[in-house]
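Take a look at the structure below.
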Amino acid sequence: MRKVFFAVVVLISSLSIGQNPLSLFQEGGGRIILEQTNDYKGELYIYNEWNKGMLVLNDSIFSVQDFVKYDAYNDRVLIKNMKNLNEIIEIYDNSLTGFSLIDAKSGVKHDFVKLDNSKFNEMVPGKYFEIVFNLENKNYFLKQSTKYLYDASKSKGSQPMNFIPLEYKDKVTYFIKNHSGLYEKVSLNKKSILNVLNEHSKLVSQYLSQHKMNLKKELEVVKFVNYYYSL
């Protein structure tokens, strides 16, 4: 259990990170808001707190950062002001089209893309989605990692006097691009995935049998989806 304190520099509309990434840190580029959470258990962030990474602006400008983290509860990207490491900048400019995190523990790079609901076959909350195991620079298979607050007191029927702190819990949702070019929600199992990728049945059956895949693991799904779209 711990308290999390952080300062967020909110960018004002006159700050255009798409035109010049260095202007992120210009004087007067925002105002500092001090926020404090309650005594919640767990973390807001995925892949540790601070990682090295990169911002992608307008799909064409790449801004390398020493400190990046993704707040999966509030669906926002944060970086540190390198001129003042006590300042944290929330990037909400429309020119941010994606970002990458290099997990400080594993060294694995995780690529995220910003998508709106026009890219999905149903309404999906949030805007940042991870390209799962981006091995071949394909975007057929996405996942959305979110956090929600779990109240153990209510689930156990505890009385208010037996207070149990709220806890951040993980929720992961998967999406595969269908034949219409839209992302469709799936579960990690063969039935769900083949319901979306429902052509080339003979070749698909042979491939899954040959590689002994049940499509219950992310890496298996990535390999299968990339194969499927190569047919």
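Residues in the sequence shown are numbered from -12 upward in steps of one, following our numbering.
C-beta atoms are modelled at their ideal positions from N, C-alpha and C, and glycine is treated no differently.
Please read all numbers here as calculations on a predicted model, not as lab measurements.
Closer than 6 Å by C-beta to M41: which residues in its own chain qualify, once you throw out the five before and the five after it? Chain order, please.
-> If we look at M41 and ignore the five residues flanking it on each side, its Cβ neighbours are F49, V51, S87.
First and last residue of the uninterrupted alpha helix (DSSP H) at F107 = Going by DSSP, F107 is part of no alpha helix (DSSP H) at all; its letter is neither H nor E.
Inter-residue CB distance, K125 and N213 (contact presumed, cutoff 8 Å) = Confirmed, Cβ separation roughly 6 Å.
Under a three-way DSSP split, which group does F120 fall into?
-> F120 carries a coil assignment under DSSP once its states are collapsed to helix, strand and coil.
Between the Cα of S217 and those of H187, G85, L136, I75, spot the shortest distance and give me the residue it belongs to.
-> The candidate whose alpha carbon is nearest that of S217 is H187.
Chain-order list of residues whose beta-carbon lies under 7 Å from that of H97 (same chain, five-residue window excluded) = Taken in chain order, the residues that qualify are Y34, S87, L88, D90, E117.
By how many angstroms is the C-alpha of E171 removed from the C-alpha of K189?
-> For K189 and E171, the distance between alpha carbons rounds to 23 Å.
What span of residues does the beta strand (DSSP E) with Y161 cover, start to end?
-> For Y161, the uninterrupted beta strand (DSSP E) run begins and ends at 154 to 164, by DSSP.
L65 versus E205, I78, S47, L195, residue with shortest Cα-Cα distance | For the residues E205, I78, S47, L195, the minimum Cα distance to L65 belongs to I78.
Simplified DSSP assignment, three categories, for E207 | Looking at E207 - three-state DSSP - the assignment turns out to be helix.
Using 10 angstroms around the beta-carbon of L72, count the other beta-carbons present and answer buried if the total reaches 16, otherwise exposed.
-> Residue burial annotation: L72 is exposed, with fewer than 16 other C-beta atoms found within 10 angstroms of its C-beta.
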